Amino acid sequence: LGQSLAMRVMRKHRLAERLLIDVIGLNWEDAHEEACRWEHVMSEAVERRLLELLDHPTESPYGTPIPGLEELGETQTAENFRVGVVALDRVDLSSGAASVRVRRITEEAQKQLTTMSALRRVGAMPGHVVAVSESPDGVRIGRGGETAELDLVTASHIFVNSA
Numbered sequence: 056l057g058q059s060l061a062m063r064v065m066r067k068h069r070l071a072e073r074l075l076i077d078v079i080g081l082n083w084e085d086a087h088e089e090a091c092r093w094e095h096v097m098s099e100a101v102e103r104r105l106l107e108l109l110d111h112p113t114e115s116p117y118g119t120p121i122p123g124l125e126e127l128g129e130t131q132t133a134e135n136f137r138v139g140v141v142a143l144d145r146v147d148l149s150s151g152a153a154s155v156r157v158r159r160i161t162e163e164a165q166k167q168l169t170t171m172s173a174l175r176r177v178g179a180m181p182g183h184v185v186a187v188s189e190s191p192d193g194v195r196i197g198r199g200g201e202t203a204e205l206d207l208v209t210a211s212h213i214f215v216n217s218a
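Per the numbering used here, the very first residue in the sequence shown carries number 56; after that it's consecutive.
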């Protein structure tokens with residue numbers, strides 16, 4: 056029962072994130088915190104309407120899967136989010152910089168407003184290809200000349216695959 060309830064709350068949360076960013080236009084780095092409030096007041100009827108309005112998303116704006124969609128009659132669900140990805144702190148940088156595609160940013164990283172602002176500023180968002188290299192305190196990530204430095208703990212909450 057508890058796991059089922061948690062899954063429903065997470066589904067509402069991630070649908071709220073999609074609405075807040077895709078429709079309302081809230082800043083990418085602010086939507087997680089706002090969705091934390093919305094997840095507790097959203098009805099199933101609103102969830103179903105959001106699925107239609109948002110064209111049946113399977114992932115949040117941060118690349119995390121929206122769980123339990125089949126419970127609402129959805130036939131398309133997110134791919135297994137653990138397959139083919141590696142945490143940013145585990146990218147092989149032995150040959151220098153690497154090019155990777157950002158796939159997912161965990162809830163833990165989403166809570167860090169300064170990190171999320173930096174990721175948005177340098178274009179390190181799900182689906183985007185970025186360069187990653189070692190830095191004195193962790194990793195440097197970015198694209199188009201803009202970079203941000205992340206400590207290894209923060210980098211462990213960003214998942215990527217080969218570009």
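Backbone N, C-alpha and C fix where the C-beta goes; we use that ideal spot for every residue, glycine too.
Nothing here was measured: the structure is a model prediction, and the numbers come from that model.
- In the structure shown, residue 205 falls within a strand segment according to DSSP collapsed to helix, strand and coil.
- The beta carbon of residue 209 lies closer than 8 Å to those of 164, 167, 170, 193 in the same chain, with the five residues before and after it left out.
- For residue 121, the three-state secondary structure derived from DSSP is coil.
- Bounds of the beta strand (DSSP E) holding residue 155 are 153-160.
- Between the alpha carbons of residue 205 and residue 195 lies a distance of about 6 Å.
- Per the Cβ contact rule, the segment 115-124 is in contact with the segment 57-67 (3 or more Cβ pairs under 8 Å).
- Excluding sequence positions up to five before and after residue 189, its CB lies within less than 6 Å of the CB of 148, all in the same chain and listed in chain order.
- Taking 8 Å as the cut-off, the Cβ atoms of residue 81 and residue 94 do not count as close.
- The distance from the Cβ of residue 142 to that of residue 214 is about 6 Å, consistent with a contact at the 8 Å cut-off.
- Excluding sequence positions up to five before and after residue 154, its CB lies within less than 7 Å of the CB of 184, 186, 218, all in the same chain and listed in chain order.
- A direct Cα-to-Cα measurement between residue 116 and residue 161 gives close to 11 Å.
- In the structure shown, residue 134 falls within a coil segment according to DSSP collapsed to helix, strand and coil.
- By the beta-carbon neighbour count (other beta carbons within 10 angstroms, threshold 16), residue 191 is exposed.
- Under a 10 Å Cβ-count criterion, residue 86 is classified as buried, with 16 or more other Cβ atoms of the shown protein chains found around its own Cβ.
- The DSSP-derived three-state label of residue 142 is strand.
- If you look at residue 194, you'll find it in the beta strand (DSSP E) that goes 193-198.
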